[in-house]
Amino acid sequence: MSTRLAREGRLIDRSKKIAFQFNGKQMHGFEGDTLASALLANDQVMVGRSFKYHRPRGIVASGAEEPNALVNLGSDGRFEPNQRVTTQELFDGLTATSQNHWPSLEFDVGAVNAKLGRFMPAGFYYKMFIHPRPLWKHIYEPIIRRAAGLGKAPKERDADTYEHFYAHADVMVVGGGVAGLSAALAAGRAGARVLLVEQTSHWGGRAPVDGAEIDGLDAGEWVKNALQALEDMNNVTCVSRCMGAGVYDHGYALAYERLTDHTADKSGPRHRLWRVRAKQIVTATGAIERPLSMAGNDVPGVMLASALRDYVVNYGASVGDRTVVVTNNDDAYRTAIACVRAGLTVPAIVDARDAAGPLADKAQSLGIRVLFGKGIASVKGGKRVEGVSICSQAGEGTVLEEIECEAVAMSGGWSPVVHLWSHCGGKLIWDEAQSHFRPDPERPPLGADGKGFVSTAGIAHGEMTTRDCVANGHMAGVDAAAAAGHKRRAGAAPVGDAAVEAPMAPVWMMPQGASYKLRSKMWLDYQNDVKVSDVQLAAQEGYESVEHTKRYTTLGMATDQGKLSNINGLAVLSDALGQPIPATGTTTFRPPYTPISMGSIGGEASGDLFQPLRKTPIHDWSDANGAYWEPVGQWRRAYTYQKLGESIEDAVNREVKNTRENLGLLDASTLGKLVVSGPDAGKFLDMMYTNMMSTLPVGKCRYGLMCTEQGFLSDDGVVARISDDRWLCHTTTGGADSVHAHMEEWLQTEWWDWDVYVANVTEQYAQIAVVGPNARKVLEKLGGMDVSADALPFMQWADGTIGGFDCRAYRISFSGELSYEIAVKASEGQAFWDALFEAGQEFGVMPYGTEALHVLRAEKGFIMIGDETDGTVIPQDLGLNWAISKKKEDFLGKRGQLRSHMVDPNRWKLVGLESTDGSVIPDGAYAVADGTNANGQRNVQGRITSTYYSANLERGIAMGLVHNGPDRMGEVITFPKTDGTEVQAKIVNAVFYDPAGEKQNV
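Heads up, the sequence shown is in my numbering, so the first residue is 620 and it goes up one at a time.
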């Protein structure tokens, strides 16, 4: 049975007992335990069931590579499925339940699938579920959906909080083993700003477990000294429980820190997602031990040799009293030696090779029997290991003897963790001696300068001894610091010991001539139940690409993403295809390295902060003065200002008439404001807008249109030229962020060599539209700058002061009235509004909202992005040909607008529409035409884009897109309504009010 050892356990504190529950059973562990080590110490060997066949599953690893031991953790708002027991630290009160079984872990009805395994080989679902077709909807799909997934989805709202953290470093080192510590020490001493992250709670990696020596010290002592030295450096930050999740372009990396998962106290953020920019990244991510493909290698109690050693040395937990070690390399002998020293029995070491190094002699001196040239034909047992059958590795599986045992420690060699190296394009080479892929230092991930920005260190680089690991780590740190501009002397490299080991032998099946019966019990992917025979079947059926085989068999598609299974699977596939492993290649490594919580991705963006409410400086005033709010993007804008007892419609009509007749104030602060500057800014804006912006004189404004690459109108606004190399671009409220992103995308991906800078200053300014016949009067009353027609003509701007406020005044109009838009500092926005409102009392001032704004602009025939546009409309459809430059060679969308469909004369064009009875035409209504289409539906010839009641004209007005509309003035067309009635409308000019524009040109 598995139990707690009387001695060993360097990471646990036996004086601090911890209570926890597993499947409702009360258990105990110690501070420092992982959930995995505590379960083993309580003789809980079986912890789950596999996905497909529901076979019993036990703990097979000791780290993030664990594919089997996934559990549900917590309850209610802190319930989370699919958590690895190997990475979950124990805390008082922890509750865990096993998953993927019914009704219980010990008795699972789904285990019947294992009896039907011969009928469910790889890819059977592609063949079975396609016929007969009616069965898919009513039988197959419901059953598959019920069986899908492992854990249960949380039902309660997440009770935890999460955060993002932004960091910049010269050198980021991922991995806190001895190679990573050596790299961080070297880079830190060279003067670089270093960020060192380690995914576990302890430092040093495998070296302290394996008894290595560095600089004449025990590895554990050296690690302690190295950490102290790093903590004494002000330029170095060390973060434990922080996993390097991904590496991206331009030195961008993600790291995932677990803040409270290991404690009973859940106050504060649970996870922190580090968003790092580093000049150089060193991945000292270690290596993962490979399992051996042998029949029954999934029985609970079969474990990686290094993992079993971890549980014995680190946690004082044994998997069983009698452990058989099976290996193809010398490292597994350390597990056998550690077991014997802890008082456990090792009946035999089964070595597939003909000879081993000095560690074999040491094992034999401890009385351990070593069987060379042998393999395990099969592991005996169902829910836990009962014994093994020994065979000749060179044979077909004939049993030579049977050995009783409770655990099997297997080792098939080591594979460097190359994931982070590969995320951003780093290439791999096959190391024939060690039978693994390792990074190719000649083909690193490249930065914008064409030079490598990621390097590897230690065993992640392919170094297999402590001596080579720490030396290589030191050199990686020195080189990374130098590449980041720090070349100070880093001191001498640490000197580690170098154990003499015999070469490993590649063993991809045990025994090598195994029969089909044995191969159909050799598990590659433990979680998804993929066997050696499945991969061979895929090759037989023509799936020669490793990516195709992966998807056909689901090899490497489980939550561990093939960390244990991929290399063995590649080897089996290569053998079936009769080609070397490098020719088969690898699957694609994608971030994150291990799963990260959805909460950490969202960070603070949850609850009230999911989409933060954006408020203008005048928001509180508006709220206190009857504002009826509407959402516009993340902003809240006043739709109208209601007076007591007034309907929304009446309020809008009042605001519309007052603005035309007296004075209206509009809070226009939400409009996007992008400052575009730099020597190439003019050239850049000429490409962004359909008209010419580089020729705009300083002090003047120009209305501009933006289009997508396909030529469709996407945004509009007034552009003001501030200086020779600076423009201020106004955008729609909802488009500010997307236009900013649109500009940055082109600058960063296509025109990266243009000297242009874009800053979003939307929230830095309050902007107030002063509109109506009395607009100039109120500004003149406040005093300050000259706003007369001569001093500030239409479509010009000027800096100055009004009423004692520093401001920028734009003479622009979206209403057709005399209008100024005054921009002041956001901090002074409310005060300036108050001053305007007070001064405007004698001029009939009223605030007006967005609906009045829409009515006013529709009366003038001005378009609104999102109303007159829907992603299929081009400027020419709206009669905006005048805003498209004929002088420019190119702009975004120009070629799209030249396509045959875009220049078709039969496109729907913008017109005005007046109902014959004066009513308001329903928004979005379609105009019908004669005949029906192929579906028997009435043909259509246009649609309403904007429709309002005009209090000034005392009738309904509308704008719409109509087939050949401008050529059909005066024609009456029909719009069906949703109540079954129809409304007749006459096609008219889209400018309903003041067509000569006399009111704004005063």
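The C-beta atom is built at its ideal place from N, Cα and C for all residues, glycine as well. Quantities reported herein were computed from a predicted structural model and do not represent experimental measurements.
Using a 10 angstroms sphere on the CB of residue 977, the tally of other CB atoms stays under 16, which defines it as exposed. Taking every protein chain shown into account, the CB of residue 1615 has fewer than 16 other CB atoms within 10 angstroms, so this residue is exposed.
Taken through DSSP and simplified to helix, strand or coil, residue 1050 comes out as strand. For residue 1238, the enclosing alpha helix (DSSP H) stretches over residues 1238 to 1243. In terms of CA proximity to residue 1301, 1373 leads the group 1282, 1270, 1350 and 1373.
Residue 1399 and residue 1412 have their C-alpha atoms roughly 15 angstroms apart. Between residue 1312 and residue 1338, the gap from beta carbon to beta carbon is short of 7 angstroms.
Residue 1465 carries a strand assignment under DSSP once its states are collapsed to helix, strand and coil. In the assembly as shown, residue 1230 is an exposed residue. Its beta-carbon has fewer than 16 other beta-carbons within 10 Å. Judged by beta-carbon spacing, residue 900 lies beyond the 7 angstroms limit of residue 1037, meaning their Cβ atoms are not closer than that value.
A straight line joining the alpha-carbon of residue 1220 with that of residue 788 spans about 21 angstroms. Under the three-state reduction of DSSP output, residue 996 falls in the strand class. Straight-line spacing of the CA atoms in residue 1390 and residue 875 works out to 52 angstroms. Of the candidates 1045, 1333, 1283 and 718, 1333 places its Cα closest to the Cα of residue 1483. If you draw a straight line from the Cα of residue 1286 to the Cα of residue 1542, it comes to about 26 angstroms.
About 13 angstroms separates the CB atoms of residue 848 and residue 1096; that is not less than 8 angstroms, and the two are not in contact. Annotated three-state conformation of residue 644 is strand, per DSSP.
If you look at residue 1158, you'll find it in the alpha helix (DSSP H) that goes 1151 to 1159. Closest option to residue 774, judged by alpha-carbon separation, among 724, 696, 1245 and 825: 696. Between residue 624 and residue 935 a beta carbon distance of about 4 angstroms is seen, short of the 8 angstroms cut, so the two are scored as contacting. Annotated as proximal: residue 1415 and residue 1319, with beta-carbon spacing under 7 angstroms. In summary, residue 620 is exposed, with fewer than 16 beta-carbon neighbours lying within 10 Å of its beta-carbon over all protein chains present.
Taking one beta carbon from each stretch, the region 1379 to 1395 and the region 1277 to 1284 have 3 or more pairs nearer than 8 angstroms; the two touch.
Under the DSSP assignment, residue 892 falls in the beta strand (DSSP E) whose first and last residues are 890 to 902. By the criterion of at least three beta-carbon pairs nearer than 8 angstroms, the region 1044 to 1061 is in contact with the region 1075 to 1082.
For residue 1532, the secondary structure class from DSSP, reduced to helix, strand or coil, is strand.
Distance from the Cα of residue 866 is smallest, within the candidate group 1064, 1463 and 1606, for 1064.
Runs of the alpha helix (DSSP H) lying entirely within the region 1455 to 1499 and spanning at least 4 residues, in chain order: 1469 to 1478.
Taking one beta carbon from each stretch, the region 884 to 891 and the region 826 to 841 have fewer than 3 pairs nearer than 8 angstroms; the two do not touch. In the three-state reduction of the DSSP assignment, residue 1250 falls in the strand class, which pools E and B. Taking C-beta separations shorter than 6 angstroms and ignoring five residues to either side along the sequence, the partners of residue 1490 in its chain run 1331, following chain order. Here residue 839 carries a helix assignment [DSSP, helix/strand/coil].
Taking one beta carbon from each stretch, the region 1256 to 1263 and the region 1441 to 1450 have fewer than 3 pairs nearer than 8 angstroms; the two do not touch. The shortest CA-to-CA distance from residue 1384 to any of 1350, 1447 and 1352 is the one to 1447. Apart from sequence neighbours up to five positions away, the residues of its chain that approach residue 1619 with a beta-carbon distance below 7 angstroms are 1413, 1432, 1435, 1436, 1437 and 1438, ordered along the chain. Sequence-distant Cβ neighbours of residue 1190 in its own chain, meaning closer than 7 angstroms and more than five residues away, are 1127 and 1200.
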